[in-house]
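Student: Residue numbers (the working numbering): 79 to 250.
The C-beta atom is built at its ideal place from N, Cα and C for all residues, glycine as well.
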């Protein structure tokens with residue numbers, strides 16, 4: 079393991095990882111990378127650091143880090159010729175994280191601080207067939223805009239009967 083970065087305590091060995099199905103490898107790699115980012119949140123990590131300290135290949139690490147960036151779970155910063163990846167945001171307080179069932183789905187609500195402002199991060203979460211929690215897409219709303227955001231959601235809700243009516247007309 080690379081001496082300069084922290085790793086999950088319960089990482090599979092290379093042989094066990096190789097025996098996973100492609101889907102299980104995908105889930106495992108993404109979870110591992112997210113945990114590595116969490117454990118190294120102060121300084122972040124680069125792809126070479128991860129490659130040098132794990133059995134994961136460069137192409138897969140790059141792909142899954144970019145996937146985490148695209149979903150706003152992580153962000154990247156260019157430092158010279160090196161790209162450093164960081165977990166996105168910092169929880170304001172560990173109690174300010176709630177998971178709520180809504181309409182047959184579960185949503186995670188987290189308060190984040192990006193160094194400038196407090197934001198609310200809302201994300202769908204679910205368990206896959208293996209019981210591993212998977213996070214879906216999310217949205218970040220600045221806390222100062224929550225009331226305006228909520229008002230707009232209420233307006234959309236009021237328009238739903240008209241939207242449903244138009245949809246039924248399109249189907250017929």
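#1: Quick one: what's got a C-beta closer than 7 Å to residue 270's C-beta in the same chain, skipping five residues either side?
#2: Check whether the region 208 to 221 touches the region 230 to 242, taking contact to mean three or more Cβ pairs, one atom from each stretch, closer than 8 Å.
#3: Measuring CB to CB, does residue 140 end up less than 8 Å from residue 162?
#4: Of the residues 226, 185, 116 and 208, which one's Cα is nearest the Cα of residue 200?
#5: Tell me which same chain residues have a C-beta within less than 6 Å of the C-beta of residue 148, skipping the five on either side of it?
#6: Relative to the C-alpha of residue 160, which residue among 134, 127 and 137 is closest?
#7: Alpha carbon to alpha carbon, what distance is there between residue 110 and residue 95?
#8: Which runs of the beta strand (DSSP E) at least 3 residues long sit entirely within the region 179 to 248? Give them in chain order.
#9: Please list, in chain order, all residues of the same chain as residue 142 whose beta carbon is under 7 Å from its beta carbon, the five residues on each side excluded.
#10: Per DSSP, what kind of secondary structure is residue 172 in: helix, strand or coil?
#11: Output yes or no for whether 8 Å exceeds the beta carbon distance between residue 113 and residue 86.
#12: According to DSSP, which residues form a beta bridge with residue 152?
Tutor: Let me spell this out:
#1: Any answer about residue 270 is impossible in this case: the structure gives the chain only from 79 up to 250.
#2: no
#3: Stepping through the chain shown from its first residue, residue 140 is reached at position 62. Stepping through the chain shown from its first residue, residue 162 is reached at position 84. No, Cβ-Cβ distance for residue 140 and residue 162 is not below 8 Å.
#4: By one-based count along the chain shown, residue 200 stands at place 122. Residue 185 is the option with its Cα nearest to residue 200.
#5: For the purposes of this step, residue 148 is taken as the residue at position 70 of the chain shown. Excluding sequence neighbours, residue 148 sits near nothing in its chain.
#6: Along the chain shown, read from residue 1 onward, the residue named residue 160 stands at position 82. Nearest option by C-alpha distance: 127.
#7: If you number the chain shown from 1, residue 95 lands on position 17. If you number the chain shown from 1, residue 110 lands on position 32. Going from the Cα of residue 95 to the Cα of residue 110 covers about 12 Å.
#8: 183 to 191, 196 to 205 and 211 to 220
#9: One-based indexing of the chain shown puts residue 142 at position 64. Result list for residue 142: 107, 108 and 111, in chain order.
#10: Reading the chain shown from its first residue, position 94 is the one you call residue 172. Below a pLDDT of 50, predicted positions are generally treated as unreliable, and residue 172, at 43, falls in that range; the measurement from the model is reported next regardless. Three-state result, residue 172: coil.
#11: Numbered from 1 along the chain shown, position 35 holds the residue referred to as residue 113. Numbered from 1 along the chain shown, position 8 holds the residue referred to as residue 86. Yes, Cβ-Cβ distance for residue 113 and residue 86 is below 8 Å.
#12: Against the chain shown, residue 152 aligns to sequence position 74. Looking at the DSSP assignment, residue 152 forms a beta bridge with 165.
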